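K.L.:
Just so we're aligned, residue 1001 is where the sequence shown starts under the numbering used here, counting upward by one.
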Amino acid sequence: MSPDSRRQFWQQHIAAWQGSGMTQRAYAEAHQVPAKRMSYWARQFSLHAPDAGVAFAPARVQVTEAVLTLSGPGGWALHMPASVPATWVASQHQYQPV
């Protein structure tokens, strides 16, 4: 058997095995091929296979505005965008106990 025909023989068996749902050993026994030789060729094909299935997937990021919440002892809460300057928040704060 020539090297090319040997390679083609094992490529066909490896592809059939991968689509069969069987273990490698079970496939080898069912098709009367040497299990160790099949394992060798499976390794060879996986080592030298191009990474055609590897690609970047687009990602969509939904940006939500951060919210700053100030809570008081009486149960009150003030919600505002986090982009509000802290100096403005401080200038508005005048706590007067009831």
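Ideal Cβ positions, reconstructed from N, Cα and C, are used throughout, including at glycine.
If you're wondering where the values come from, they're calculated on a predicted model, not measured in any experiment.
By Cβ distance, which residues of its chain are closer than 7 Å to Ser-1020, with the 5 residues on each side in sequence left out?
P.N.:
Closer than 7 Å at the Cβ level, and outside the excluded window around Ser-1020, lie Tyr-1027.
K.L.:
Determine which residues share a DSSP beta bridge with Leu-1068 and list them.
P.N.:
In DSSP, Leu-1068 forms a bridge with Met-1080.
K.L.:
Starting from Pro-1003, follow the alpha helix (DSSP H) in both directions and report where the run begins and ends.
P.N.:
Where Pro-1003 is concerned, the enclosing alpha helix (DSSP H) stretches over 1003 to 1020.
K.L.:
Determine the contact status of Leu-1070 and Ala-1082, defining contact as a CB-CB distance below 8 Å.
P.N.:
No, these two residues do not count as a Cβ contact at 8 Å.
K.L.:
Going by alpha carbons, who is nearest to Pro-1003 out of Phe-1056, Gly-1074 and Trp-1041?
P.N.:
Checking every option, the nearest Cα to that of Pro-1003 belongs to Trp-1041.
K.L.:
Write down the C-beta distance between Gln-1018 and Met-1038 rounded to the nearest angstrom, noting that I regard them as a contact closer than 8 Å.
P.N.:
The pair is not a contact, with the Cβ atoms about 11 Å apart (cut-off 8 Å).
K.L.:
For Phe-1056 and Gln-1092, I'd like the C-alpha separation in whole angstroms.
P.N.:
About 48 Å.
K.L.:
Taking the alpha helix (DSSP H) that Gln-1044 falls in, what are its first and last residues?
P.N.:
Per DSSP, Gln-1044 belongs to the alpha helix (DSSP H) from 1035 to 1048.
K.L.:
Out of Thr-1087, Gln-1011, Glu-1065 and Ser-1005, which one is the CA nearest neighbour of Ser-1046?
P.N.:
Cα-wise, what sits closest to Ser-1046 is Gln-1011.
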